[in-house]
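Participant: Going down the list, the sequences are from chains A and B.
Residue 245 in our numbering sits at position 2 of the first sequence; the count goes up by one each step and never skips.
Residue 346 in our numbering sits at position 295 of the second sequence; the count goes up by one each step and never skips.
The structure under discussion is supplied below as structure tokens; questions concerning it will follow.
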Amino acid sequence: MEQTVRAKELQLVVFQLVNETYGVDIAKVSEIRELQKITRVPRCPDFIEGIINLRGRVIPVVDLRTRFGLPAGERTANTRIVVVEIGGHTIGVIVDEVLEVLSVAGDAVEPTPPVISGLESDYLLGVAKLDDRLVILLELDRVFSRSEQKALMEGAYSNGALDKAV
Amino acid sequence: MAGFEFSDEDLKIFFEETEELLQAMEDDLIGLEKGDEVGARLASIFRAAHTIKGSSATAGYAAMAELTHSLENVLDRLRKGQAKVSTAIVNHLFTAMDILRRLTGDAAAGRESGEDISLVRRLLEQDLEEGASTGAVTATDEPQPAPGVDAPPPAARGAVSRPWAGVELEESEREALVEGCTHGDTLLAVTVDFLPDAAMVSVRCYQAYLYLEEKGRLAATRPTLSEIEQEKGGASLTAFLFTIEDPSVLAAEIEGLGDVRRVVLEPVSLADLVAEDSPAPAAGTDIPAAVASATAAAATTAKAPAAASVATAAADTATGTKSGMRTVRVDVELLDNLMNLVGELVIDRTRLVQSVDILDRAYGGKDTNVTRELAEATAHVGRITTQLQEEIMRARMLPVETLFKKFPRMVRDLAQKCGKQVELVIEGQHTELDRGVIEEIGDPIMHLLRNSVDHGIESPETRVARGKPPVGTVKLSASHLENYILITVEDDGKGIDAEGVKGVAVRKGFLAAEAAARMSTQEALQLVFVSGVSTAQKVSEVSGRGVGMDVVRRNVEKLNATIEMDTTIGVGTKITIKLPLTLAIIRALMVQAGSGTYAIPMASVVETLTANQGQLKTIRGSEVIVNRGQVLPVHRLTKLFTDPCGGDPRALVIVTVGGQKSGLLVDKLLGDQEVVVKNLGQFLGAVPGLSGATILGGGEVALIIDVQSLLSSHVAMAAREERIA
């Protein structure tokens with residue numbers, strides 16, 4: 244087979260959230276788990292569902308729907324927790340359904356159109372056009388934006404009781 | 052430095068040894084400045100510098116060797132009384148040692164060192180010149196720091212005489228020796244025995260070789276130079292040296308190399324040499340009896356204590372090596388892994404116990420054998436696991452001294468900078484703490500010490516005006532209390548003014564004036580731990596940015612520990628950190644409340660009661676209970692944790708925080724057990740009220756409550772709610 248120089252190829256884990264299909268870089272995904280009991284952690288931002296036991300480790304779980312301001316969904320038999328590594332942290336992300344793992348040619352990715360489901364374009368890498376559907380590429384690191392991550396880490400939310408804004 | 056290659060192992064030991072020596076030098080320097088055992092300390096610092104110089108030169112670190120050489124010069128003058136110990140000199144010595152430390156660090160990390168040693172060397176040289184002109188004398192005791200150097204009478208030679216006697220000499224070597232002796236040169240047989248399990252034996256041999264080479268004419272050595280270089284030498288060096296030096300001086304200096312078990316220097320006469328031989332002696336010599344030659348040699352040598360047979364004790368040379376003791380160097384990572392494994396065992400042990408319970412209930416009546424076997428085995432596994440846990444924890448323990456030793460210097464420098472006079476008293480250095488804890492507790496303690504020196508202790512004038520001694524005392528102590536370690540930082544300074552703290556909090560908008568008015572002193576003092584509050588008049592370079600105490604508390608809490616403050620205006624402040632003996636495993640009371648299961652550390656639990664509604668009273672909207680004659684505030688756990696599910700509270704847990712008791716209302720008590728503490732992780736950050744999470748036997752996650760932060764954040768929240776209302 245002739246090795247031609249290809250545009251960079253992406254491998255994505257594709258999942259469903261409400262009506263749309265999203266893809267994240269497979270390199271960041273460490274595993275996909277079925278939904279399990281999530282222990283609620285008080286006084287956290289609302290998109291943090293809680294914590295789970297991942298083979299002896301305690302990791303936080305976030306609900307992407309809540310994070311994206313989408314209506315809350317029902318947990319079904321298809322709901323999954325996608326465990327990802329971002330910014331040195333291991334966190335679980337709740338999605339409606341994991342569809343498949345795809346290879347996408349770099350040149351099949353188009354820049355994000357200005358408005359897509361109200362998401363900030365900050366964390367969208369683009370849109371991949373595949374046959375009959377669109378896969379929205381997410382830059383997970385930025386989904387939990389730096390300022391939010393920083394705020395979380397400094398426990399600013401937690402210290403909310405003492406902030407001056409009243 | 053051609054010829055000798057340091058192996059990686061050798062280098063590692065060299066770096067560690069140098070670190071230890073530098074620390075010892077620092078301690079001695081501080082003691083020296085105080086005028087404490089000046090002679091002995093100067094001697095000890097000098098020896099240490101000397102050792103470092105030798106080792107670093109051999110290892111090829113020229114900058115270190117040069118700098119140490121300059122250090123040595125100053126120290127030499129000081130110990131000979133040719134210069135006076137002044138603050139300036141001490142400061143320069145400290146600076147030099149700091150640079151040396153950095154050089155060592157760079158070298159150990161394989162980094163190129165950008166350090167410029169020329170400035171500090173010039174400073175040291177200046178010290179030498181100035182010292183020479185003032186010429187005052189301080190160090191008056193023993194000019195020669197050579198412990199264990201006796202000049203035993205010839206009688207003592209009996210056992211150790213002529214250890215070189217069995218050496219096989221080559222023809223050429225023998226000829227050289229004979230020729231030299233005939234010529235009238237003094238020949239010494241030097242035998243150096245190093246400690247056999249010393250870490251860098253070959254290096255030591257090499258150093259000894261080089262040293263002797265400079266002192267005269269080395270006619271022969273065993274092992275030979277190439278054997279030493281190839282590390283085939285073994286732990287002894289025998290050398291035949293023509294020299295005019297004083298044997299006792301040589302002995303002392305060889306001893307200073309480190310790891311020396313014994314040094315023997317004996318004069319060798321021509322007769323000795325010749326007597327060894329079976330073949331015909333060289334022409335023109337007599338052959339007196341072997342024994343007689345020894346005494347004859349004694350007579351012929353010009354030096355007075357010719358029989359410089361020196362036996363050195365193995366213990367505490369400047370290097371303070373621990374070889375010969377039964378210790379093993381273990382990587383901390385290994386211990387951490389062991390700790391993790393034990394943690395998992397603890398979880399599984401609980402699961403086993405629960406499973407046995409279930410089986411027992413199902414089969415207990417029918418077939419007791421199965422369950423009994425299982426129960427016994429499980430119990431045994433339980434006991435072994437507990438023991439394993441304890442042993443590994445012990446292995447991870449280090450005396451707190453390793454942490455405390457850097458503080459005297461820090462306090463000294465800080466006091467100087469702040470213009471205060473402070474004496475740091477340290478107690479309980481031998482108290483042992485888990486390694487992981489020691490690493491984490493260092494910064495908080497440092498901050499507390501800084502606060503004491505910078506804000507607590509008043510200036511000497513102010514102190515005197517208040518009838519206090521001009522020198523303030525800061526006491527750092529570590530002690531055991533049941534299952535805890537207490538670390539306290541206490542000063543006799545001006546104390547913390549609760550009213551002042553309240554004032555700042557109100558001014559900065561953290562607190563409403565009315566809430567402040569109603570706050571008790573205890574509660575007001577807790578405000579010190581809030582980020583942004585600081586009563587320092589001006590932000591000093593050192594502390595006072597108002598960011599410190601909250602970080603201190605957070606770090607302390609990360610360790611599952613508590614911090615409390617006790618202060619009296621004008622008298623002083625005492626801060627106590629209470630650390631659980633184990634980092635990762637604690638005993639906790641499990642409770643059910645609303646939708647969650649929680650673990651309350653037993654350390655905070657005073658007692659438990661069933662709570663019926665009748666006992667709960669309400670005072671101004673808050674629930675209270677009368678317990679043992681006291682009125683205690685009661686909080687519903689579900690409310691504290693904003694749990695939408697209110698639960699059905701039927702049990703009360705009385706907890707204590709800083710001596711103050713409160714009641715926590717929960718649904719059900721689930722018993723107490725050991726739990727493995729898991730961090731909530733950095734993504735979540737610090738959640739008030741929680742110190743971590745744990746995984747229960749069945750795999751569920753329970754939250755571990757931090758009683759102190761839970762209740763204090765509640766206090767703050769209540770204050771806020773009142774502000775809104």
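All residues carry an ideal CB built from backbone N, CA and C; glycine is no exception.
If you're wondering where the values come from, they're calculated on a predicted model, not measured in any experiment.
Check for me: the alpha helix (DSSP H) holding Y414 (chain B) runs from which residue to which?
Facilitator: In the second sequence, the residue the question calls residue 414 (chain B) occupies position 363. Looking at the DSSP string, the run of the alpha helix (DSSP H) that includes Y414 (chain B) is V383 to Y414.
Participant: Below 9 Å between beta carbons is the criterion; list the residues of the stretch 275–298 of chain A that meet it against any residue of chain B, in chain order.
Facilitator: Here the close residues are Q279, K280, I281, T282, R283, V284, P285, R286, C287, I291, G293, I294, I295 and N296.
Participant: For V557 (chain B) and V581 (chain B), I'd like the C-alpha separation in whole angstroms.
Facilitator: Position 506 of the second sequence holds residue 557 (chain B). Position 530 of the second sequence holds residue 581 (chain B). Straight-line Cα distance between these residues: approximately 12 Å.
Participant: Flag V267 (chain A) as yes if its beta-carbon sits less than 8 Å from any beta-carbon of chain B, otherwise no.
Facilitator: The count along the first sequence starts at 1 and reaches residue 267 (chain A) at position 24. Not one chain B Cβ lies under 8 Å of V267 (chain A).
Participant: Going by other Cβ atoms of all chains shown within 10 Å of its Cβ, with 16 needed for buried, is P521 (chain B) buried or exposed?
Facilitator: By 1-based counting over the second sequence, the position of residue 521 (chain B) is 470. So P521 (chain B) ends up on the exposed side.
Participant: Should S107 (chain B) be labelled buried (16 or more other beta-carbon atoms within 10 Å of its own) or exposed?
Facilitator: The residue labelled residue 107 (chain B) in the question sits at position 56 within the second sequence. It is buried - the Cβ of S107 (chain B) has at least 16 other Cβ atoms within 10 Å.
Participant: What number of angstroms, rounded off, separates the C-alpha of V752 (chain B) from the C-alpha of G479 (chain B)?
Facilitator: Locating residue 752 (chain B) in the second sequence gives position 701, where the first residue counts as 1. Locating residue 479 (chain B) in the second sequence gives position 428, where the first residue counts as 1. The straight-line gap from Cα to Cα measures roughly 38 Å.
Participant: So what's T355 (chain A) in DSSP terms, helix, strand or just coil?
Facilitator: Position 112 of the first sequence holds residue 355 (chain A). Note: T355 (chain A) maps to coil in three-state DSSP.
Participant: Identify the contact partners of P303 (chain A) in chain B, using a Cβ-Cβ distance below 9 Å as the criterion.
Facilitator: As a position in the first sequence, residue 303 (chain A) is number 60, starting the count at 1. Within chain B, the residues near P303 (chain A) are L731, G732, F734 and L735.
Participant: Just confirm the distance between the C-beta atoms of L720 (chain B) and L640 (chain B), as a whole number of angstroms; I'd bet it's less than 8 Å.
Facilitator: Along the second sequence, one-based indexing puts residue 720 (chain B) at 669. Along the second sequence, one-based indexing puts residue 640 (chain B) at 589. At roughly 7 Å, the Cβ-Cβ gap stays under 8 Å, so L720 (chain B) and L640 (chain B) are in contact.
Participant: From P314 (chain A) to A612 (chain B), what distance separates their C-alpha atoms?
Facilitator: Taking the first residue of the first sequence as position 1, residue 314 (chain A) is located at position 71. Taking the first residue of the second sequence as position 1, residue 612 (chain B) is located at position 561. The straight-line gap from Cα to Cα measures roughly 42 Å.
Participant: What first and last residue would you give for the alpha helix (DSSP H) that runs through R153 (chain B)?
Facilitator: As a working note, residue 153 (chain B) is residue 102 in the second sequence. Looking at the DSSP string, the run of the alpha helix (DSSP H) that includes R153 (chain B) is T138 to A160.
Participant: For C696 (chain B), does the count of other Cβ atoms within 10 angstroms reach 16, so buried, or fall short, so exposed?
Facilitator: In the second sequence, counting from the first residue as 1, residue 696 (chain B) sits at position 645. Burial call: exposed.
Participant: DSSP on D306 (chain A), reduced to helix/strand/coil?
Facilitator: As a working note, residue 306 (chain A) is residue 63 in the first sequence. It is a strand residue.
Participant: Measuring CB to CB, does A744 (chain B) end up less than 8 Å from V301 (chain A)?
Facilitator: Working through the second sequence from its first residue, we reach residue 744 (chain B) at position 693. Working through the first sequence from its first residue, we reach residue 301 (chain A) at position 58. Taking 8 Å as the Cβ cut-off, A744 (chain B) and V301 (chain A) qualify as a contacting pair.
Participant: Report yes or no: is there a C-beta of chain A within less than 8 Å of the C-beta of P739 (chain B)?
Facilitator: Taking the first residue of the second sequence as 1, we reach residue 739 (chain B) at position 688. Closer than 8 Å to some Cβ of chain A, the Cβ of P739 (chain B) qualifies, so yes.
Participant: Could you check where the alpha helix (DSSP H) with A100 (chain B) kicks off and where it finishes?
Facilitator: Residue numbering aside, residue 100 (chain B) sits at position 49 when the second sequence is read from its first letter. Start and end: V89 to A110.
Participant: Please list the residues of the stretch 628–655 of chain B that have a C-beta atom closer than 7 Å to any C-beta atom in chain A, keeping them in chain order.
Facilitator: Cβ contacts with chain A: S646 and G647.
Participant: Can you name the residues that DSSP bridges to N296 (chain A)?
Facilitator: Along the first sequence, one-based indexing puts residue 296 (chain A) at 53. According to DSSP, N296 (chain A) bridges with A:V301.
Participant: On a CA-only basis, which of B:A259, B:T237 and B:S287 is nearest I295 (chain B)? Give me that one, please.
Facilitator: As a position in the second sequence, residue 295 (chain B) is number 244, starting the count at 1. Considering only alpha carbons, the answer is B:T237.
Participant: Quick test of the definition: if touching needs 3 or more C-beta pairs under 8 Å, does the stretch 462–478 of chain B touch the stretch 424–438 of chain B?
Facilitator: With the cut-off at 8 Å, the stretch 462–478 of chain B and the stretch 424–438 of chain B do not touch.
Participant: Would you say I334 (chain A) lies against chain B (beta-carbon separation less than 8 Å)?
Facilitator: Walking along the first sequence from the start, residue 334 (chain A) turns up at place 91. Yes, its Cβ sits closer than 8 Å to a Cβ of chain B.
Participant: Taking 7 Å as the cut-off, does the CB of T282 (chain A) come closer than this to any heavy atom belonging to the ligand ATP?
Facilitator: The ligand content of the structure shown is nil, which means the ligand ATP is not present either.
Participant: Do P495 (chain B) and N606 (chain B) have their C-beta atoms closer together than 8 Å?
Facilitator: For this step, residue 495 (chain B) is matched to residue 444 along the second sequence. For this step, residue 606 (chain B) is matched to residue 555 along the second sequence. Contact flag set, yes.
Participant: Only counting runs of 3 or more residues, tell me where the beta strand (DSSP E) segments fall wholly within the stretch 228–270 of chain B, in order along the chain.
Facilitator: Listed in chain order, they are 238–245.
Participant: Using the C-alpha atoms, what's the distance from L532 (chain B) back to I275 (chain A)?
Facilitator: Numbered from its first residue, the first sequence carries residue 275 (chain A) at position 32. Numbered from its first residue, the second sequence carries residue 532 (chain B) at position 481. Near 47 Å, if we compare the C-alpha coordinates of L532 (chain B) and I275 (chain A).
Participant: Apart from the five residues on each side of it in sequence, which residues of its chain come closer than 6 Å, Cβ to Cβ, to Q440 (chain B)?
Facilitator: Your numbering for residue 440 (chain B) matches position 389 in the second sequence. Around Q440 (chain B): V393.
Participant: Is any beta-carbon of chain A found at less than 8 Å from that of I756 (chain B)?
Facilitator: Counted from its first residue, the second sequence places residue 756 (chain B) at position 705. No, I756 (chain B) lies away from the interface with chain A (no Cβ there is under 8 Å from its Cβ).
Participant: Quick one: what's S346 (chain A) bridged to in DSSP?
Facilitator: Locating residue 346 (chain A) in the first sequence gives position 103, where the first residue counts as 1. DSSP lists A:Q254 as partners of S346 (chain A).
Participant: Listing by chain order, which chain A residues have their CB less than 9 Å from the CB of I694 (chain B)?
Facilitator: For the purposes of this step, residue 694 (chain B) is taken as the residue at position 643 of the second sequence. Reading the sequence as shown, one finds Asp at residue 694 (chain B) and not Ile. Neighbours of D694 (chain B) on chain A, chain order: R283 and P285.
Participant: Does D694 (chain B) come out as helix, strand or coil in the three-state DSSP assignment?
Facilitator: Translated into positions along the second sequence, residue 694 (chain B) becomes position 643. D694 (chain B): coil per DSSP, three-state reduction.
Participant: Leaving aside the five residues before and after M616 (chain B) along the sequence, list all residues of the same chain whose C-beta is less than 6 Å from its C-beta, in chain order.
Facilitator: For the purposes of this step, residue 616 (chain B) is taken as the residue at position 565 of the second sequence. These residues qualify, in order along the chain: L576 and I626.
Participant: Is V752 (chain B) close to chain A, meaning its C-beta is less than 8 Å from at least one C-beta of that chain?
Facilitator: Position 701 of the second sequence, counted from the first residue, corresponds to residue 752 (chain B). At least one chain A Cβ lies under 8 Å of V752 (chain B).
Participant: Over the uninterrupted beta strand (DSSP E) stretch that includes E274 (chain A), give me the two end residues.
Facilitator: Numbered from its first residue, the first sequence carries residue 274 (chain A) at position 31. Unbroken beta strand (DSSP E) run through E274 (chain A): V272 to E277.
Participant: Of the choices A:I337, A:G369 and A:T355, whose alpha-carbon is the least far from that of A320 (chain A)?
Facilitator: Here residue 320 (chain A) refers to the residue found at position 77 when the first sequence is read from its first residue. Considering only alpha carbons, the answer is A:I337.
Participant: Taking C-beta pairs closer than 9 Å, name the residues in chain E that A575 (chain B) reaches, listed in chain order.
Facilitator: No chain E is part of this structure, whose protein chains are labelled A and B.
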